[in-house]
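To keep things clear, I will list the structure first and then write my remarks on it.
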Amino acid sequence: MTAFPASQMIVSAIFVVCIATTVVGALIAALTARIIRSVCGLMICCIGLAGLYYFLHSPFLALMEILIYVGAVCVTIVFAVMLAETDEPVREEKRWATLLWGGFALVISVAIFWGLWHMGAQQDWTAPVTRVSDGSVSAIGKSLLTTYSMAFELISLALLIAIIGALAVARTGRTKP
Amino acid sequence: MNPLPLPDRPDIYYILAAFLLATGIFGLLRRRTLIGMLISGELIFSAASLNLMAFNRFRAPDPAVGQIFVLFIMGLAAAEIAIALSIIIAVYRNYRSVKTRELTELNG
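Residue numbers (our numbering), protein chains in the order written: chain A, 1 to 177; chain B, 1001 to 1108.
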């Protein structure tokens, strides 16, 4: 490939940094008590995911991940946090009940993680025989406007309905008496 | 050991996607406000997207299909966030709270 020494190691190090960013962001998003920190954790997780998409040969989706998730979704959640005070409530119930539910959630998620780990790592997935396209942006655009044009139109309709529905739902209670 | 370089090994992506899904489900069960549950739901969406992208990169004959699928997932997630946040704000206007423990009017 390249003649630059240790380039493979540098690429692997960047990859590990992306994975660590994703993992740390997900843990922050799931574990912190304050919601605004949780939103920041989601942002960090999405930035790491964008790096992973780049490693998966899709720079277009890496850009879209940052644009949509970090730029739109997280900022919208921050607006909602601003409008409604949303910190985690103090634990008013009994201590053992909290521990019980936390342990229940932990057991379920660890079981799912363990099962999927074994399924993903030990299954012998079949590799594709041939590649019919190169997966570039122009290939995405072509199949988006030919094969998947129906889904493309439907999702634009869904977004339009979501905008109108969000306006209609959030408007109630704001009319002047 | 393994001759493949680190970014070209598919099992790393599968395990990371499983971790994201487990973290999202853990947060979904543990959170006690609506917005916290929404954030955990976004983590689950991310897990699904990463899994689709990994299979698209390593196992699919047409690499454009998975990218289009993930693009649609992102669009639907944006629509879902818009609707869910407007519902949360409407709920906050009515109840002055978004804690799931206090929204129990349908609890019988």
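No residue lacks a Cβ here, since even glycine has one placed at the ideal position from N, Cα and C.
Problem - Residue range of the alpha helix (DSSP H) that includes I36 of chain A - result: On the first sequence, position 36 is the one that residue 36 of chain A refers to. Here the alpha helix (DSSP H) through I36 of chain A covers 35 to 55.
Problem - When B:A1060, B:R1059, B:L1020, B:S1046 are compared against L61 of chain A, the one with the closest alpha-carbon - result: Numbered from 1 along the first sequence, position 61 holds the residue referred to as residue 61 of chain A. Taking only the C-alpha atoms, the option nearest L61 of chain A is B:S1046.
Exercise for the section: Taking the CB atoms as reference points, tell me whether I19 of chain A and L1016 of chain B lie closer together than 8 Å. Expected result: Walking along the first sequence from the start, residue 19 of chain A turns up at place 19. Walking along the second sequence from the start, residue 1016 of chain B turns up at place 16. Judged by beta-carbon spacing, L1016 of chain B lies within the 8 Å limit of I19 of chain A, meaning their Cβ atoms are closer than that value.
Practice task
State the DSSP-derived secondary structure class of T1033 of chain B, mapped to helix, strand or coil.
Solution key: Counting from 1 along the second sequence, the entry for residue 1033 of chain B is found at position 33. In the three-state reduction of the DSSP assignment, T1033 of chain B falls in the strand class, which pools E and B.
Practice task
Assess, as a yes-or-no matter, whether the stretch 1010 to 1025 of chain B is touched by the stretch 1062 to 1070 of chain B under the definition of 3 or more beta carbon pairs within less than 8 Å.
Solution key: Contact between the stretch 1062 to 1070 of chain B and the stretch 1010 to 1025 of chain B is not established, with fewer than three Cβ pairs separated by less than 8 Å.
Problem - Inter-residue Cα distance where the pair is L1106 of chain B and L160 of chain A - result: Within the second sequence, numbered from 1, the residue matching residue 1106 of chain B stands at position 106. Within the first sequence, numbered from 1, the residue matching residue 160 of chain A stands at position 160. Inter-residue distance for L1106 of chain B and L160 of chain A is about 30 Å (C-alpha atoms, whole angstroms).
Problem - Under 8 Å between C-beta atoms of M1074 of chain B and I68 of chain A - result: Here residue 1074 of chain B refers to the residue found at position 74 of the second sequence. Here residue 68 of chain A refers to the residue found at position 68 of the first sequence. Yes.
Problem - In chain order, each beta strand (DSSP E) run of at least 3 residues that lies wholly inside the stretch 109 to 173 of chain A - result: Taking only runs of at least 3 residues, no beta strand (DSSP E) segment lies wholly in the stretch 109 to 173 of chain A.
Practice task
Measure the beta-carbon distance from T22 of chain A to L56 of chain A and round it to whole angstroms, keeping in mind my assumption that it falls under 8 Å.
Solution key: Taking the first sequence and counting its residues from 1, one reaches residue 22 of chain A at position 22. Taking the first sequence and counting its residues from 1, one reaches residue 56 of chain A at position 56. About 13 Å separates the two Cβ atoms, so there is no contact after all.
Handout entry: Reference V169 of chain A; option with closest CA among B:S1086, B:K1099, B:N1094, B:L1050
Key = To locate residue 169 of chain A, count along the first sequence from 1; it is residue 169. Nearest option by C-alpha distance: B:S1086.
Practice task
To the nearest angstrom, report how far apart E1080 of chain B and G1036 of chain B are at their CA atoms.
Solution key: Translated into the one-based positions of the second sequence, residue 1080 of chain B becomes position 80. Translated into the one-based positions of the second sequence, residue 1036 of chain B becomes position 36. When only Cα atoms are considered, E1080 of chain B and G1036 of chain B end up about 15 Å apart.
Practice task
Output yes if chain B places a C-beta closer than 8 Å to the C-beta of G71 of chain A; else output no.
Solution key: Working through the first sequence from its first residue, we reach residue 71 of chain A at position 71. For G71 of chain A, the answer is no, since every Cβ of chain B falls outside 8 Å of its Cβ.
Practice task
Take every Cβ of the stretch 114 to 134 of chain A, pair it with every Cβ of the stretch 1016 to 1032 of chain B, and state whether three or more of those distances are shorter than 8 Å.
Solution key: Yes, they touch.
Practice task
Could you name the residues of chain B that D134 of chain A contacts, counting a contact when the two beta carbons are closer than 9 Å?
Solution key: To locate residue 134 of chain A, count along the first sequence from 1; it is residue 134. Here the neighbours are P1063, A1064.
Exercise for the section: For E65 of chain A, collect the residues of the same chain with a Cβ closer than 7 Å to its Cβ; drop the 5 residues on either side in sequence, then sort them by chain order. Expected result: Indexing the first sequence from 1 puts residue 65 of chain A at position 65. Taking E65 of chain A as the centre and dropping the five residues before and after it, the same chain places the C-beta of C46, L49, A50, Y53 closer than 7 Å to its C-beta, in chain order.
Problem - Cβ of A1078 of chain B within 8 Å of any chain A Cβ - result: Locating residue 1078 of chain B in the second sequence gives position 78, counting from the first residue. For A1078 of chain B, the nearest CB of chain A lies under 8 Å from its own CB, placing it at the interface with that chain.
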